[in-house]
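**Q**
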Amino acid sequence: MGFQFSYVCDLLQRLEDAQRAAVRSTSTTTTPRTNNANGIISEWFRGHQTQLARDGQVDTAALLSTLLPEKRTDRVYLIREKKLQTIIGRGLFLGRSRILELERWTVAGSGVDLADCVSDILTQTPSPPSCENVTVEEIDDLLHSIAAGCRFSSPAVRSSAPSERRLTDNELALGDLYRRLTARDAKWLTRLILKNFEPVVLDPQTVYRSCHPLLPAILQVQDDFTVVGATLARQRHERTVTGRANLADYLKPALGVKVGRQPWIKGRSIKHCLDMSLGRMSCEEKVDGEYCQIHIDLSKDRDCIQIFSKSGKDSTNDRMSLHDSIRQSLQLGQTSCPLKKGCILEGELVVYSDKDTKILDFHKIRKHVSRSGTFIRTDQDSQRHSWEHLMIVYYDLLMVDDESLLAVRQSERFQRLKDLVTIVPGRSVLVKREIIDCTKRSAASDLRRAFARCITSHGEGLVLKQDDPYFNFDTSRKPYSCCAIKLKKDYIGHFGDIGDFAVVGARYDATKAKTYGIPNLKWTHFYVGCLENKDEVERFHKPPKFVVTNVVELNVTQLKMFVTFVNPQSVAPEENKATYFRVEMGVDNGKRPSAVFPVPPVFDLRCFSFDMVGNTGFCSPRFPMVNKIHCDRTYRDALSFAELQEMAIRERELPPPEDSQELLGWIAALEAADPKGTVSVDESSQSTVATLRRCETPLTQSSQTGLPTSPPRLGIPVTGNGPPTLPKSSAVEALVQTPLNGAASSLRGPQGQKRPHESTVPSTTNRRKARKSDNDYSTTSAIVSQKESRNAASLSNDREPLTDIRVNSSRRNNVPRTANPSLGIAQSMYQLSSEDNPRLSAPERAQTSIISASMSFQGVFAAPQASSDLAGNVAAVIRKARSQSEGNSRERRIDYTSAEAGGAAAAAGKCRYLPTSCTLAPLLFLLSPCIADFPWVTEDLLRCHGIVDFARDPKTWPVPKRLNSRAIRSTTDPSASSRKGKNTPWGRKKRAVLVDARRKEATEAFLKCIVDAQLKGRDGKKEYVDVYDWRVLEALKREEEQVSRNGERPDASLSSSMAQGIWRKFWVGLA
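Going by full-length UniProt numbering, the sequence shown opens with residue 1, and the numbers climb by one from there.
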């Protein structure tokens, strides 16, 4: 009987109506819209459950192919909008005027696609009603027949083509089908043929679960709709599996049927990766090649090799050049072959050069791998050389001799893989990997160094795998289990930034335009390029000539901003006289812009790496994304074509040695990119002092300059190793701005370049020597005497200043370091972030300045800039940083203590963890306004230590009184030991300030108030107080709670070294 296609159209139309309603509703967010769509899908399946459950009533494979047409990668129709429009016009017998109406989807800004045009025509003049309903099975058979006639379809689909049916017969049958459909159903059939239901998007997992509870698990093991349909029918009949728990025993991979790929997650930082990992983790090098799932069936003799690509298509014949490497690695056809029946392996296909003894770039693959027998986009490539051949890099084993390894841990699978595969140099290898134990304190630094090594060697990235099974069918699985973590450079911060590109033109795509929901939208794809004659434009004002390198898309927010605030003038390509540009055939599959911008806007792009796209002949950004849309820059500020090619060439240069400055710089940059949250996998990696110390001497454990016994004193000059001396002047004395010298300035890229590529970082001398020199990239903002200010200024007369200090900006300014090398740690503590400096690469930014919790408060400690634009930019970025900090605080996971326990401790005036030796007992706190009203700080953190009184105003802050008890001496302030017996006797309480160091503007103003209050001690002399970030309370609470939980003696206290380390970590400065 079949399943009526109109039922499927009911679902799709409901989803489209719900999506339109959600767009019109301003209060609806993305998540509710997604949940609503999933609910509609589940409800629709429940309504048709009776019919779907009957054996032989509905073809499950045909239904899934209709609902998720993009999953049928084995079917290629070679029918796009233009050709389908012709087929529909002939099938509906449309005249000239109605053909023009059918072409409305080509008009930019019309807001309709071809499917809408077909629906409008059939609404105006509907076809005669058909006595026979159109079924899903009928449509699926017709589409399968069309795909069988296309040589780009999979071999299995092509082999099922009926010999007597011609292509014209399929097109006539398709036109006849349109005449039997209503206007609504014809609209969805059009989108089905084009394999795109947008703006409607069906979640595959929701469709699978709603269709059958076991379907998601079955598709993981056998990723083929046709096979799955037969498996479900057999399961309904035999009832052998009652749930997911025993599915692993029943279901196993089958040779010749692709196994689904393991899910993966993007790693956004080193800390993020470790937060998702438990126990031992395999850190594998991500090979830049093409995915291969290799099936070996020894029962087929010479044809025993079958290869599936990433999309699931059978590419055995296209990758015929790889077969010999596979045979050698598995010893196929030899008596020593370790296989008895067959196996399923996963690997990466690459091109290896015997001449250069290395793996070649990704774009070399297209010369060796055909696409359905045709070599595509190779017109401008060099010929294949005799020393180049395909190589396989194995990294997993899924089945061997009918034994499924999907439920086996990764470590055991890899060991079985090592035992199975024979390494053949230049032909087959195992993926490079190392094991990282996430339970060790060194896990973060180990992973950071491995990733930095990958970046400097120009690798694609890392793949992190926990020691879990490939798939887990248990319903009580742990979060992130059985998931691979991909860690790439462009996933973290702004490490993938390239520079500014000119937007020379755009084109309109009707289907894409519907997904944005922006009225009268005229552009959806933007052609970006570089100036080919930049010198002529700047010197002689010649007309600009551009080379289009890529086509990029914007997200909804970016596109709305572009249309609203930029909205450049556009002309037709034939009317353009202002600019010249060339678009190679390989760019955007040969499509040309429909509109040209006489005054090109500027986009800031980021990318993964560089690639030489086929039929272009030059290197271009690979997978580019738009970072920013610049309204204040012109195409003259964009990269030139020569600069872009130079960046790409340096990308492919030989990697530096293990101990190079670039490697050490990347380690520091990765450490700085980690979020500074309160829950840390590696606390030392999140420590401000540790971070900045490693930036000075990354991973040099033998460094002679260690952490001081007390935190560095802001504004206290140090001579040798002696005690600090207070500055003579009581006023806050700001340093003169000391820009980078010529050596550092030479790191700048060409004019208009956002930053040079990472590989352009020059190799420098030993860091210990560099730290003592005036050429050191590290800068500081500190209170020093007038004498030292003059000395610092005298050292930098020939330096050029960097401007615009902010957390995320395109320009920076640097405040000078003092001449005294003993202030190395203090200087590092107060470095300013250069994270987005357009002239510096990521390692250079890390060497120049690391953003830390103890940010330099420019308004208090440094001379203000004269530029009002700079002040506005700084204020804007500070507000952005503040909002991000507040968002991070809301997301932070905190183990809140009960209000009752905190209240009981406060009532007794004692710490609930260490009543007789609390670390905070001898302190009188002054809280900044931004945390004084934060209940977590006042009602929980302080109260659980028995502290209920604190000051809010520095002018009313009481002078500390003497203590009657002798406790609390060893674990208070790490700096106490250095001042012991001077102005902080052990028998007297001392004052400390708590601030939110992430809120620069608020902290800056509060410290100014402390300076104005002119604090004095009991002897009437000026008193300097230590300033800490409030998160020190959380760290102390955790440690004291741990000591208390260990059940040690009643008078136990926090160790002095532990306490000093915590205080030093969150130390901000002196006021």
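Where is the CB? At the ideal position from N, CA and C, for every residue including glycine.
All values reported here derive from a predicted model rather than from experimental measurement.
If we ignore side chains and look at the alpha-carbon of each, how far apart do Ala578 and Arg507 end up?
**A** 18 Å
**Q** Give a yes or no on whether the C-beta atoms belonging to Tyr470 and Met276 are separated by under 8 Å.
**A** no
**Q** Starting from Met399, follow its DSSP beta bridges and name the residues at the other end.
**A** Ile344, Ser404
**Q** Would you call Asn520 buried or exposed, if buried means 16 or more other Cβ atoms sit within 10 Å of its Cβ?
**A** Exposed.
**Q** Tell me whether the segment 415-426 and the segment 364-374 touch, counting them as touching only if at least three CB pairs, one residue from each stretch, are closer than 8 Å.
**A** no
**Q** DSSP on Cys292, reduced to helix/strand/coil?
**A** strand
**Q** Looking only at its own chain, which residues have a Cβ that is under 7 Å from the Cβ of residue 1078, when we skip the five neighbours before and after it?
**A** Given a span of 1 to 1071 for the chain in the structure shown, any question on residue 1078 remains unanswerable.
**Q** Since His212 is in the alpha helix (DSSP H), which residue starts that stretch and which ends it?
**A** Here His212 belongs to no alpha helix (DSSP H), and DSSP marks it neither H nor E.
**Q** Please identify the residue among Ser1053, Pro675, Trp1063 whose C-alpha is closest to the C-alpha of Gly493.
**A** Pro675
**Q** Where do the N-terminal and C-terminal ends of the alpha helix (DSSP H) with Gln645 fall, by residue?
**A** Where Gln645 is concerned, the enclosing alpha helix (DSSP H) stretches over 641-651.
**Q** What's the C-alpha gap between Val613 and Asp361?
**A** 12 Å
**Q** With H, G and I counted as helix, E and B as strand and the rest as coil, what does DSSP make of Thr374?
**A** Look at Thr374 here: in three-state DSSP terms it is strand.
**Q** Determine the extent of the alpha helix (DSSP H) in which residue 1081 is found, giving its start and end residues.
**A** Look at the range of the chain in this structure, 1 to 1071, and you will see that residue 1081 is not part of it.
**Q** Excluding five sequence neighbours on each side, which residues of the same chain lie with their C-beta closer than 7 Å to the C-beta of Leu202?
**A** Ile41, Leu67, Leu68
**Q** What span of residues does the beta strand (DSSP E) with Leu194 cover, start to end?
**A** Segment: none, Leu194 is in no beta strand (DSSP E) and carries neither H nor E.
**Q** How many whole angstroms separate the CB atoms of Ala62 and Asp140, which I take to be in contact at a CB cut-off of 8 Å?
**A** 4 Å
**Q** Within 10 Å of its beta-carbon, does Cys631 have 16 or more other beta-carbons around it, so buried, or fewer, so exposed?
**A** Classification for Cys631: exposed.
**Q** With C-beta atoms as the reference, is Val503 less than 8 Å away from Phe618?
**A** no
**Q** Using the rule of at least 16 other Cβ atoms within 10 Å of the residue's Cβ for burial, across every protein chain shown, is Tyr395 buried or exposed?
**A** buried
**Q** If we call anything under 8 Å between Cβ atoms a contact, is Leu927 one with Arg952?
**A** Yes.
**Q** Any heavy atom of the ligand SAH inside 7 Å of the beta-carbon of Arg209?
**A** Of the ligands one can find in the structure shown there are none, so the ligand SAH has no counterpart to examine.
**Q** With a Cβ-Cβ cutoff of 8 Å, do Ala595 and Lys534 count as a contact?
**A** no
**Q** Indicate whether the contact test is met: 3 or more Cβ pairs, each with one atom in the segment 320-338 and one in the segment 422-432, closer than 8 Å.
**A** yes
**Q** In terms of alpha-carbon separation, which member of Pro128, Leu94, Thr378, Asp169 lies closest to Glu584?
**A** Thr378
**Q** Can you tell me whether Ala233 is helix, strand or coil according to DSSP?
**A** helix
**Q** Spell out the partners DSSP gives Ser1044 in its beta bridges.
**A** Paired residues: none, contrary to the question.
**Q** Just the C-alpha distance for Gln1014 and Asp949, rounded to the nearest angstrom, thanks.
**A** 22 Å
**Q** With DSSP as the reference, identify every bridge partner of Ala484, one or two as the case may be.
**A** Trp264, Lys465
**Q** What separation, rounded to the nearest whole angstrom, lies between the Cα atoms of residue 1079 and Pro543?
**A** A question about residue 1079 goes unanswered here, because the residues of the chain that appear run from 1 up to 1071.
**Q** Buried or exposed for Leu274, please, with buried defined as at least 16 other CB atoms from any protein chain shown within 10 angstroms of its CB.
**A** It is buried - the Cβ of Leu274 has at least 16 other Cβ atoms within 10 Å.
**Q** Mind checking Arg839: buried by the 16 CB within 10 Å criterion, or exposed?
**A** At Arg839, the pLDDT of 38 sits below 50, so the modelled position is not reliable and the matter cannot be decided from this model.
**Q** Within 8 Å, do at least three Cβ pairs link the segment 441-453 to the segment 225-232?
**A** no
**Q** What do you get for Gly95, buried or exposed, if any count of 16 or more other CB atoms within 10 angstroms of its CB means buried?
**A** exposed
**Q** Using the DSSP secondary-structure output, state which residues sit across from Thr135 in a beta bridge.
**A** Paired residue(s): Gln4.
**Q** For Ser309 and Glu939, what's the separation of their Cα atoms in angstroms?
**A** 58 Å
**Q** In the DSSP assignment, what residue or residues form a beta bridge with His525?
**A** Arg507
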